[in-house]
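Asks: Residue numbers (our numbering): 45 to 376.
Got a structure for you, questions after.
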């Protein structure tokens, strides 16, 4: 099921619940996750609807309340149909729905690259500018209650597992990382949790993402840092691999850290992502990348990452399959 088409209604999906929708991209699934708080599923595309009755809210795990949103959307990413690419809002990519991944992880059958639009700008049409529903999710990091406005209608409006893991790592290693007044850029900031935590910990943060994500990102940053951060974070547009020298000229922009969380998933722009990571890193820059590893292409990207960066595994979270890596750009 395309995760962009789910609606949260405050219910509980039991372990034996099955989505009976037969459209491509809507896999049969059982026992998605323990205590998954999702009572009603709706399919909006094509007028077809798949619903579950409301079973009533049951237990919620301790800690932040936003865990279930990413968990629900993860069904799409970790389903049996994971070889079918999704756009960032969870919809199937029509130009490549029948394709397979190339060895470089860029997606699509070899020789058919002309069928894939070359620019990340093309993905903007899949990202809604006015989400129909938001949830206010609560997190606690650096001794501060953080409220994030999220929407499951867009991948870029959800806090993913890699983000919470990276926030935990930053919080636990603040002094070691010397974050006070450090200059940080986050790639693919989404709803902004990582940038918020880094700001609260004292860093000077630039949060970047695609244009249609920036409104919600700016809202969350201001709401959570205005009274809690010495440096208000900046929001900038960043389209991977495009106009980097124009928008981020090296003589002007230097960062102590580049942060990225769950930017590697089932999309066509892994090479552009790696190019962007390398471009933003100068001598002395440390890249911290946290990711939930779901697909073989994630590990293929890691292999390419290691060719460009001296790589150290900093932390693993087996319960969520998240790994955090430190990368130092190789200067051969």
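For glycine and all other residues, C-beta sits at the position ideal for the given N, C-alpha and C.
1) Residue 362 to residue 185, Cα distance in whole Å?
2) How long is the line joining the alpha carbons of residue 353 and residue 333, rounded to whole angstroms?
3) Is residue 244 closer than 9 Å to residue 272 when the C-beta atoms are compared?
4) Measure the alpha-carbon distance for residue 278 versus residue 373 and round it to whole angstroms.
5) Excluding the 5 residues flanking residue 252 on each side, which residues of the same chain have their C-beta closer than 8 Å to its C-beta?
6) Who are the near neighbours of residue 265 in its chain, counting only those whose CB is closer than 7 Å to its CB and skipping five residues on each side?
7) For residue 51, which three-state DSSP category applies?
8) Give the secondary structure of residue 267 by DSSP, where H, G and I count as helix, E and B as strand, and everything else as coil.
9) So the alpha helix (DSSP H) residue 336 belongs to, where does it begin and stop?
10) Name the DSSP beta bridge partners of residue 253, please?
11) Measuring CA to CA, which of 248, 296, 297 and 286 is closest to residue 274?
12) Leaving out the 5 sequence neighbours to the left and right, which residues in its chain are closer than 7 Å to residue 180 when beta-carbon positions are compared?
13) I need the straight-line Cα distance from residue 314 to residue 351, nearest angstrom please.
14) To the nearest angstrom, how far is it from the Cα of residue 225 to the Cα of residue 211?
15) Assuming residue 223 contacts residue 246 (C-beta within less than 8 Å), just tell me the rounded distance between them.
16) Could you tell me the distance, in whole angstroms, from the CA atom of residue 227 to the CA atom of residue 299?
17) Taking 6 Å as the limit between beta carbons, can you name the residues of its chain near residue 433, skipping five residues before and five after?
18) If you count every other CB in all the chains shown that lies within 10 Å of the CB of residue 340, and 16 or more means buried, which is it?
19) For residue 302 and residue 324, which I take to be in contact (beta-carbon distance under 8 Å), what is that distance rounded to the nearest angstrom?
20) Whose CA, out of 219, 178 and 365, lies closest to the CA of residue 260?
21) Entirely within the region 200-244 and at least 3 residues each: give me those beta strand (DSSP E) ranges in chain order.
22) Does the separation of the CB atoms of residue 367 and residue 360 fall below 9 Å?
23) For a quick check, are the C-beta atoms of residue 364 and residue 205 less than 9 Å apart?
24) Have a look at the DSSP bridge pairing and note the partners of residue 182.
25) Out of curiosity, what's the CA-to-CA distance linking residue 263 and residue 197?
26) I need the straight-line Cα distance from residue 207 to residue 376, nearest angstrom please.
27) Considering only the alpha carbon of each residue, which of 221, 195 and 329 lies closest to residue 257?
28) So, at 6 Å on beta carbons, what are the nonlocal neighbours of residue 305 in its own chain, with the 5 sequence-adjacent residues on each side left out?
29) Kindly indicate the opening and closing residues of the alpha helix (DSSP H) around residue 288.
30) What's the C-alpha gap between residue 318 and residue 188?
31) Consult DSSP for residue 274 and reduce its assignment to one of helix, strand or coil.
32) Using CA atoms only, rank isn't needed, just tell me which of 182, 331 and 326 is closest to residue 293.
33) Please state whether DSSP places residue 374 in a helix, a strand or coil.
34) Residue 358 and residue 183: beta carbons closer than 9 Å?
Replies: According to the structure shown:
1) As a position in the chain shown, residue 362 is number 318, starting the count at 1. As a position in the chain shown, residue 185 is number 141, starting the count at 1. Going by the C-alpha atoms only, they are around 21 Å apart.
2) Along the chain shown, read from residue 1 onward, the residue named residue 353 stands at position 309. Along the chain shown, read from residue 1 onward, the residue named residue 333 stands at position 289. Cα to Cα, the separation comes out at about 11 Å.
3) Taking the first residue of the chain shown as position 1, residue 272 is located at position 228. Taking the first residue of the chain shown as position 1, residue 244 is located at position 200. Between residue 272 and residue 244, the gap from beta carbon to beta carbon is short of 9 Å.
4) For the purposes of this step, residue 278 is identified with residue 234 of the chain shown, where counting begins at 1. For the purposes of this step, residue 373 is identified with residue 329 of the chain shown, where counting begins at 1. Linking residue 278 to residue 373 through their CA atoms gives a straight-line distance of about 25 Å.
5) Translated into positions along the chain shown, residue 252 becomes position 208. The residues are 229, 230, 231, 232, 233, 279, 280, 281 and 282.
6) On the chain shown, position 221 is the one that residue 265 refers to. Setting aside the 5 residues that flank it on each side, residue 265 is surrounded in the same chain by 236, 239, 240, 251, 277 and 279, each with a C-beta closer than 7 Å to its C-beta; the list follows chain order.
7) On the chain shown, residue 51 is found 7 positions in, with the first residue counted as 1. The predicted position of residue 51 is uncertain, since its pLDDT is 30 and thus under 50; a value taken from the coordinates is nonetheless stated next. In the structure shown, residue 51 sits in coil (DSSP, three-state: anything other than H, G, I, E or B).
8) Numbered from its first residue, the chain shown carries residue 267 at position 223. Reduced to three states, the DSSP call for residue 267 is helix.
9) The sequence position of residue 336 within the chain shown is 292, counting from 1. Not the alpha helix (DSSP H): residue 336 falls in the beta strand (DSSP E), residues 330-336.
10) Looking up residue 253 in the chain shown gives position 209. Under the DSSP definition of a beta bridge, residue 253 partners with 281.
11) Residue 274 sits at position 230 when you count from the first residue of the chain shown. Selected option, being the one with the closest Cα: 248.
12) Your numbering for residue 180 matches position 136 in the chain shown. Excluding residues within five positions, the ones whose Cβ falls inside 7 Å are 191 and 193.
13) Translated into positions along the chain shown, residue 314 becomes position 270. Translated into positions along the chain shown, residue 351 becomes position 307. Going from the Cα of residue 314 to the Cα of residue 351 covers about 14 Å.
14) Taking the chain shown and counting its residues from 1, the one referred to as residue 225 is at position 181. Taking the chain shown and counting its residues from 1, the one referred to as residue 211 is at position 167. Their backbone Cα atoms lie some 17 Å apart in a straight line.
15) Counting from one through the chain shown, the residue named residue 223 turns up at place 179. Counting from one through the chain shown, the residue named residue 246 turns up at place 202. Between residue 246 and residue 223 the Cβ distance is about 5 Å, and since that is below 8 Å, they are a contact.
16) Residue mapping note: residue 227 aligns to position 183 of the chain shown, counting from 1. Residue mapping note: residue 299 aligns to position 255 of the chain shown, counting from 1. One C-alpha to the other measures close to 5 Å.
17) Within the shown structure, residues of the chain are numbered from 45 to 376, placing residue 433 beyond reach of any answer.
18) Within the chain shown, the letter at position 296 stands for residue 340. Exposed, because fewer than 16 other Cβ atoms sit within 10 Å of the Cβ of residue 340.
19) The residue labelled residue 302 in the question sits at position 258 within the chain shown. The residue labelled residue 324 in the question sits at position 280 within the chain shown. Confirmed, Cβ separation roughly 5 Å.
20) Numbered from 1 along the chain shown, position 216 holds the residue referred to as residue 260. The shortest CA-to-CA distance from residue 260 to any of 219, 178 and 365 is the one to 178.
21) Segments of the beta strand (DSSP E) lying fully in the region 200-244: 227-231.
22) On the chain shown, position 323 is the one that residue 367 refers to. On the chain shown, position 316 is the one that residue 360 refers to. One thing to note: residue 367 has its Cβ within 9 Å of the Cβ of residue 360.
23) Here residue 364 is taken as the residue at index 320 of the chain shown, counted from 1. Here residue 205 is taken as the residue at index 161 of the chain shown, counted from 1. A contact, by the Cβ cut-off of 9 Å.
24) Counted from its first residue, the chain shown places residue 182 at position 138. Note: residue 182 sits in a beta bridge opposite 191.
25) If you number the chain shown from 1, residue 263 lands on position 219. If you number the chain shown from 1, residue 197 lands on position 153. Each residue's alpha carbon lies about 17 Å from the other.
26) For this step, residue 207 is matched to residue 163 along the chain shown. For this step, residue 376 is matched to residue 332 along the chain shown. The alpha-carbon atoms of residue 207 and residue 376 are separated by roughly 31 Å.
27) As a first step, residue 257 must be located in the chain shown, where it is residue number 213. In terms of CA proximity to residue 257, 195 leads the group 221, 195 and 329.
28) Indexing the chain shown from 1 puts residue 305 at position 261. Once the five neighbours on either side are set aside, the close Cβ partners of residue 305 are 206, 207, 210, 238 and 334.
29) In the chain shown, residue 288 corresponds to position 244, counting from 1. 288-291 is the extent of the alpha helix (DSSP H) around residue 288.
30) By one-based count along the chain shown, residue 318 stands at place 274. By one-based count along the chain shown, residue 188 stands at place 144. For residue 318 and residue 188, the gap between their C-alpha atoms comes out near 33 Å.
31) What you label residue 274 is simply residue 230 of the chain shown in a count that begins at 1. Residue 274: coil per DSSP, three-state reduction.
32) Working through the chain shown from its first residue, we reach residue 293 at position 249. Of the listed residues, the one whose Cα sits closest to residue 293 is 326.
33) One-based indexing of the chain shown puts residue 374 at position 330. Looking at residue 374 - three-state DSSP - the assignment turns out to be coil, as it is neither helix nor strand.
34) Start at 1 with the first residue of the chain shown, and residue 358 comes out as number 314. Start at 1 with the first residue of the chain shown, and residue 183 comes out as number 139. Note that the C-beta distance between residue 358 and residue 183 is not below 9 Å.
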